[in-house]
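Some notes on the structure that comes next.
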Amino acid sequence: MNDQPSQPREPNSPAQMALIIAFVLFLWLPTLSIFFHWDHSRKLNEKRKLAEFPAWHAGSNRISNFIIGLDKYYSDHFGFRKQLILFEHAWKRQIYKESPFPDVLIGKYDWLYYSGDHMIENCQGSDLFCLQELHDWQSLLECRRDWLARQGIHYIFVIPPDKHRIYPEYLPEWIAHLGPTSKLDQFFGYMKTNSSVEVLDLRPALMEAKHSRFTYLRNDTHWNEYGAFVGYQALLQKLSCQMPHLKPLSPDCFQLQYSDKPGGDLATMLGQEQTLHEKEAVSLSPRPPLQLLQISNAPNLLGKYWNPERLPVITTNPSARGNAIVFRDSFSIAWIPYIGHNFNKVTYLWQRELDLPFIQAEKPDVVVDEILERFFCRSNPHELKLSEGWR
Numbered sequence: 001m002n003d004q005p006s007q008p009r010e011p012n013s014p015a016q017m018a019l020i021i022a023f024v025l026f027l028w029l030p031t032l033s034i035f036f037h038w039d040h041s042r043k044l045n046e047k048r049k050l051a052e053f054p055a056w057h058a059g060s061n062r063i064s065n066f067i068i069g070l071d072k073y074y075s076d077h078f079g080f081r082k083q084l085i086l087f088e089h090a091w092k093r094q095i096y097k098e099s100p101f102p103d104v105l106i107g108k109y110d111w112l113y114y115s116g117d118h119m120i121e122n123c124q125g126s127d128l129f130c131l132q133e134l135h136d137w138q139s140l141l142e143c144r145r146d147w148l149a150r151q152g153i154h155y156i157f158v159i160p161p162d163k164h165r166i167y168p169e170y171l172p173e174w175i176a177h178l179g180p181t182s183k184l185d186q187f188f189g190y191m192k193t194n195s196s197v198e199v200l201d202l203r204p205a206l207m208e209a210k211h212s213r214f215t216y217l218r219n220d221t222h223w224n225e226y227g228a229f230v231g232y233q234a235l236l237q238k239l240s241c242q243m244p245h246l247k248p249l250s251p252d253c254f255q256l257q258y259s260d261k262p263g264g265d266l267a268t269m270l271g272q273e274q275t276l277h278e279k280e281a282v283s284l285s286p287r288p289p290l291q292l293l294q295i296s297n298a299p300n301l302l303g304k305y306w307n308p309e310r311l312p313v314i315t316t317n318p319s320a321r322g323n324a325i326v327f328r329d330s331f332s333i334a335w336i337p338y339i340g341h342n343f344n345k346v347t348y349l350w351q352r353e354l355d356l357p358f359i360q361a362e363k364p365d366v367v368v369d370e371i372l373e374r375f376f377c378r379s380n381p382h383e384l385k386l387s388e389g390w391r
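Just so we're aligned, residue 1 is where the sequence shown starts under the UniProt record's numbering, counting upward by one.
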């Protein structure tokens, strides 16, 4: 019996040598990619600053700090890091229905929901208004309405609902059913009993419209173009109680088209906007003789800095009369192609507080005050009242 230790065998064929070389290159790929930038994946949605390459300084302690900094830099920048993380996100979503981000909830049939801002508590009805908060909302809105009325300006307060209000059936099973009462139920019930301010609940119109076609995007927080049009019609119908000459456009004024589009904001948060497509996304195009509105940005309006994504927008329509100001959030972006057909000029301002000097200078016929449900639920009406100078 031979007790001699066996000698390692050298590769004796080109195939074996090629396999060894390929394996070594594979191990070096992440490092080589740092220098050759082979990973062209989109930037990840990381809420932190990635480590920078450390500066070199002489000295034992500084060398140690350099090595620590180099390790952190490599951990944040090794080759194909972004692609590997995106693969992990897709794998968790498809196999386990698990979201890598706490603010994105994966529902049935790849429907995505925003779960930040206490959305789950709002769903379950465990986060409700107290009586004082309802009174504060009433007081704020009445101050706004009364001041505008003294200027001869109409006012309406509008709350587009969050997606889970209209499509609870695609929420995960563990959320179960929506709570019996929501903050919207409390607010609209309280205002109906205690105030004459015009407030608009868009839930009934959107719930009815969903039976004919989708009104919200599957992988975005927002309504689609059709849902926005339904909201526009409800808004104009409500405004016609104060301004009888206003009539909403008919769906027959538009041609509905369907196409697949990249995923929306929730898919982007997951880094899956190119794989989670918005299937059969609806778009509305004006039918002749209806013309596209003239739309322009106004970055210098109000003399303050605006986030580039939140610039004031102005639409003009020579064939209409009247002037409107819309205080808004991102949900009103989809209203811009519609409301301007009923007014000569519409100014859209992405801010929560009413700008009273601007309103006095502009002299609109109506102020539309739009706020999405989740922003409404977390806003403090008492602080808004103080910031606008009401007593």
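All residues carry an ideal CB built from backbone N, CA and C; glycine is no exception.
Using DSSP with H/G/I as helix, E/B as strand and the rest coil, what is residue i?
i: GLU362; result: helix
i: ASP103; result: coil
i: PHE26; result: helix
i: SER285; result: strand
i: TYR167; result: coil
i: GLU278; result: strand
i: residue 393; result: The question about residue 393 has no answer here: the residues shown for the chain are numbered 1 through 391.
i: GLN294; result: strand
i: ASP110; result: helix
i: ASP201; result: strand
i: PHE53; result: coil
i: ILE153; result: coil
Using a Cβ-Cβ distance cut-off of 8 Å, determine whether residue i contacts chain D.
i: GLU173; result: Chain labels in this structure do not include chain D; a single protein chain is all it has.
Short of 7 Å in beta carbon distance, which residues of its chain neighbour residue i, apart from the five on each side in sequence? Order them along the chain.
i: ILE336; result: ILE295, VAL313, THR315 and TYR348
i: LYS183; result: ASN122, LEU128, PHE129 and CYS377
i: TYR109; result: TYR170
i: ALA234; result: LEU200, LEU202 and ALA205
i: residue 412; result: Coverage of the chain is limited to positions 1 through 391, which leaves residue 412 absent and any answer about it impossible.
i: ILE67; result: none
i: ASN194; result: GLN138
Taking 8 Å as the threshold (C-beta atoms), are residue j and residue i in contact?
i: PHE157; j: GLU198; result: yes
i: ALA334; j: ALA228; result: yes
i: LEU166; j: TYR216; result: The residue asked about is misnamed: residue 166 is Ile in this sequence, not Leu. Yes, these two residues count as a Cβ contact at 8 Å.
i: LEU206; j: VAL230; result: yes
i: LYS238; j: LEU200; result: yes
i: HIS277; j: PRO288; result: no
i: THR221; j: ASP265; result: yes
i: LEU302; j: PHE358; result: yes
i: ARG374; j: ASP162; result: yes
i: TYR113; j: HIS154; result: no
i: TRP147; j: PRO381; result: no
i: residue 409; j: ASN323; result: Here the chain comprises residues numbered 1 to 391, so residue 409 is not present and cannot be evaluated.
i: LEU384; j: LEU70; result: no
i: LEU134; j: PHE187; result: yes
i: TRP223; j: PRO160; result: yes
Below 6 Å CB to CB, which residues in the same chain sit around residue i once its five sequence neighbours on both sides are set aside?
i: TRP111; result: TYR170 and ARG218
i: LEU311; result: ASN297 and PRO299
i: LEU290; result: CYS253
i: PRO172; result: GLY107
i: ALA267; result: ASN219, GLU273 and LEU276
i: LYS72; result: ALA51
i: TRP390; result: CYS143
i: PRO168; result: LEU178
i: VAL346; result: THR315, ALA324, ILE339 and GLY340
i: TYR190; result: LEU134
i: residue 452; result: Since the displayed the chain opens at 1 and closes at 391, residue 452 lies outside it and no answer follows.
i: LEU246; result: LEU236, LEU239, SER240 and ASN342
Under 8 Å by Cβ, that's how I've got residue i and residue j pegged, so tell me the actual separation to the nearest angstrom.
i: residue 401; j: SER285; result: Absent from the structure is residue 401, since the part of the chain shown begins at 1 and ends at 391.
i: TRP350; j: ASP365; result: Going by Cβ atoms, the distance from TRP350 to ASP365 rounds to 21 Å, so no, they are not a contact pair.
i: TYR232; j: ILE325; result: Not quite, the Cβ-Cβ distance comes to about 16 Å (not below 8 Å), so this is no contact.
i: PHE331; j: LEU372; result: 5 Å
Could you tell me if the beta carbon of residue i falls within a distance shorter than 7 Å of some heavy atom in the ligand MN?
i: TRP111; result: The ligand content of the structure shown is nil, which means the ligand MN is not present either.
For residue i, I'd like the list of residues in its chain whose CB is within less than 8 Å of its CB, leaving aside the five on either flank, ordered along the chain.
i: LEU354; result: ARG144, PHE327, VAL367, ASP369 and GLU388
i: PRO102; result: SER115 and GLY116
i: TYR226; result: ALA209, ARG213, PHE214, THR215, LEU256, VAL282 and LEU284
i: THR181; result: GLY125 and LEU128
Practice problem: Run through the region 210–266 for me and flag every whole beta strand (DSSP E) of 3 or more residues, listed as ranges in chain order. | Solution: 254–261
Quiz prompt | Complete beta strand (DSSP E) runs within the region 296–375 (minimum length 3 residues, chain order) | solution = 313–316, 323–327, 345–349 and 366–370
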